[in-house]
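What follows is a single structure, written as structure tokens, with notes after it.
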């Protein structure tokens, strides 16, 4: 692909230095296909004012905390399914709740995990992409040296690596099993979060609507509660299209009222019933609880874990807001309100232990029962919002990294890039929620299913976080051990408890996750196979020159043709297929490959990388269009206009390099620049044709049954029923040609 001369970007002179002939040619170096201007973009970090942070903190109440905020509706009832056998069991369970909320959502997520965000974005894939950026564990061979020059890449590696980090990094990079295991763990964790997005609305809405049955059991039968819940769920998903910002502003005031009310009721209960409930702050009651109840205490942990449902939303939804805004809203509003609410419920149960099946509603003062019921229903609806928004965010990330079938990403806010809506996923989640609600019908059965999804995601997050601590943060080994022993061991104990109820509904999230994992793996497997096929069959520059020369002897059409491909290294084989069938080429050719970097955003000025296929009079260019996993791909400004403008810049810079390196005459170069820019402008004004490669894939002859099923049936079914690539990039239909070819993988 031409000479590849490399040196650090610090040795590359600025444009003003290139205009003179005194620059020694041996000092003028650059990476292959690197646009000089793009490598020099400053990586300025946007600083948000406190007014914006506080506004986002307020919005986050309506999006992030609905799930964990409504857990007081059902936690005690799921802990004591068979009733309370000893009065001090209440103190033991309450102590477990208090320390679990403190340890997992606050200590782990708010103060540790949120720091592992990827340029402001969170979730399992954000952690995976962060690790991929620091180690060569990605399975797509599309890495380029110049990608590290993107200002948002942020590889601030210390000069002195610790032996531990280097050894682990080397082990991962040299282990194919390690690479596949990381990818599969990421996919499984992501699938579990999506499973949370299905189960959260079901259990939250059912538990809230169940308050009517407690007040009027003769009027509200179980069937009516289920169908009312289904109607509320459908309305919730219809509301998603308005976007996270509007949803947040609409729901945040309701959640504020909810937190104030549950805190106030909690204070009222422990002041009027049992002020000594604060004894539960003594962790010795936890020890006594296990000594007294043994296995039953361990099984009840499956109910205790319900108090931290939605904790993963703190991380998954951080891209919709900011780290600081989530920390403020959690520590100043959500956490104190929850602790007071549980203390109040514990105080109520010390005098009314027989009411444990419906603790929340029975502990309400009668004068505010129905107003509180209305707020509870609204809060439960909002609870469903947290994981739905998180699901949209992580699917967007997995889509960009080639791990999810193509779906439409709608960005609902111009101010906050992470706020997205995915119509197809919203519809599927709605259908899944309705079916699950109709099938399970009660919160007790759903809690068994829900616990596994919640804890499994937390364990996966902890595993990735330990890798981040070792590889990236270079955390002291004693702190890593402390994290594993304290938080890791607690999560494993909770996981063992929820798995105990696998046959009582716990199979649902695992079955759902396995289904999603299969879809994600099939798509990623064929995605990688296709890329390797193109890489092995790419066309050499000499072959391109030969092809263009043969076409020149016949005819070159006026205009600009853009060939789209996923291949980053070289000219895709579909070009040869096109020329063999259509023996005419446009006057300017651009081979554009779309690439996702393991970062959240790529600045617009750094999005396009070009290099020229020599000789210059061929007017053939290679282009890599780079996106982060949260970038908007259907820009308001057409991609062709942006590409042409950046190509003009590249042509000028390319000739300047030639002047400095070879001592060419500046006047001659100026005339060549003017000629090439004029040629490009003329070609683009005549018309731009978008040539989209549509590759049909089939399993090669002699392939095994599993491979044939994955490629010939599963992948092709997904491909035929999902969005096409031209729709993702808003390529105008009237100026698009699809070039089809069949690949045997």
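Residue numbers (UniProt numbering): 1 to 745.
Think of the CB as a built atom: it goes at the ideal place given N, C-alpha and C, for glycine as much as any other residue.
Small disclaimer: the values here were computed from a predicted structure and weren't measured.
(Q) Spatial neighbours of residue 356 within its chain, please: C-beta separation below 7 Å, excluding the five flanking residues on both sides. (A) 76, 77, 80, 83, 84, 349
(Q) Which residue marks the beginning of the beta strand (DSSP E) containing residue 695, and which one marks its end? (A) 688 to 698
Q. How long is the line joining the alpha carbons of residue 597 and residue 626, rounded to whole angstroms?
A. Those two C-alpha atoms are separated by around 7 Å.
Q) When burial is assigned at 16 or more other CB atoms within 10 Å of the CB, is residue 225 buried or exposed? A) Buried is the call here.
(Q) With DSSP as the reference, identify every bridge partner of residue 596, one or two as the case may be. (A) For residue 596, DSSP records a beta bridge to 627.
Q. Mapping DSSP to helix, strand and coil, what is residue 223?
A. helix
(Q) I believe residue 737 touches residue 689 by the beta-carbon criterion, under 8 Å. Please report the beta-carbon distance rounded to the nearest angstrom. (A) With a beta-carbon spacing of about 6 Å, residue 737 and residue 689 fall inside the 8 Å limit used to define contacts.
**Q.** CA-to-CA distance, residue 315 to residue 331, given in whole angstroms
**A.** 15 Å
(Q) Which residue wins for smallest C-alpha separation from residue 463, given the options 520, 700, 183, 593? (A) 183
(Q) Please identify the residue among 319, 537, 368 whose C-alpha is closest to the C-alpha of residue 264. (A) 368
Q) Between the Cα of residue 684 and the Cα atoms of 559, 693, 603, 595, which residue gives the shortest distance? A) If we check each option's Cα against that of residue 684, 559 comes out closest.
Q.
At 4 residues or longer, what runs of the alpha helix (DSSP H) sit wholly inside the region 316 to 368?
A. Within the region 316 to 368, the complete alpha helix (DSSP H) runs of at least 4 residues are 323 to 329, 335 to 351, 359 to 362.
Q. Excluding the five sequence neighbours on either side, which residues of its own chain have a C-beta within less than 8 Å of the C-beta of residue 442, listed in chain order?
A. 206, 222
**Q.** residue 691 beta carbon less than 9 Å from that of residue 564
**A.** yes
Q | residue 595 versus residue 568 - alpha carbon distance | A | 7 Å
Q. Nearest CA to the CA of residue 176: which residue from 137, 620, 401?
A. 137
Q. Opposite residue 738 in the DSSP bridges: which residues?
A. 692
Q. Would you call the CB atoms of residue 124 and residue 457 closer than 9 Å?
A. yes
**Q.** Anticipated Cβ contact below 8 Å, residue 525 with residue 710, distance rounded
**A.** 6 Å
Q. What number of angstroms, rounded off, separates the C-alpha of residue 491 from the C-alpha of residue 171?
A. If I take the Cα positions, the gap works out to 27 Å.
Q) Given 8 Å as the limit, is there contact between the region 533 to 553 and the region 510 to 518, that is, 3 or more CB pairs closer than that? A) Taking a cut-off of 8 Å on C-beta distances, the region 533 to 553 does not touch the region 510 to 518, as fewer than three cross pairs fall below it.
Q. Does DSSP put residue 743 in a helix, in a strand, or in coil?
A. Strand at residue 743.
Q. Buried or exposed: which applies to residue 622, given that a residue is buried once 16 or more other Cβ atoms fall within 10 Å of its Cβ?
A. The residue in question, residue 622, is buried, as its Cβ has 16 or more Cβ neighbours within 10 Å.
Q. What separation, rounded to the nearest whole angstrom, lies between the Cα atoms of residue 425 and residue 399?
A. 12 Å
Q | Inter-residue spacing [alpha-carbon to alpha-carbon] between residue 63 and residue 484 | A | 30 Å
Q) How far does the alpha helix (DSSP H) with residue 615 in it reach, from first residue to last? A) Unbroken run through residue 615: none, as it is neither H nor E.
(Q) For a test of the three-state rule: what should DSSP assign to residue 13, helix, strand or coil? (A) At residue 13 the pLDDT is 36, less than 50, meaning the model places this residue with poor confidence and gives no usable figure here.
Q) Any idea what DSSP makes of residue 495, helix, strand or coil? A) Here DSSP, grouped into helix, strand and coil, assigns residue 495 to helix.
Q. At what residues does the alpha helix (DSSP H) containing residue 564 begin and finish?
A. Looking at the DSSP string, residue 564 is not in any alpha helix (DSSP H); the run it does join, the beta strand (DSSP E), is 556 to 565.
Q: Using alpha carbons as the reference points, say which of 481, 607, 452, 745 lies closest to residue 193.
A: Here the closest residue by C-alpha is 452.
Q. Residues bridged to residue 410 by DSSP?
A. 421
Q | CB contact flag (residue 67, residue 200, <9 Å) | A | yes
Q. Which residue or residues does DSSP assign as beta-bridge partners of residue 622?
A. DSSP, once it has assigned bridges, lists 591, 611 as partnering residue 622.
Q: With DSSP as the reference, please indicate the residues paired to residue 539 in a beta bridge.
A: 571
Q.
By the three-class DSSP mapping on this structure, what secondary structure does residue 86 have?
A. coil
Q.
Using the three-state DSSP reduction, which class does residue 121 fall into: helix, strand or coil?
A. strand
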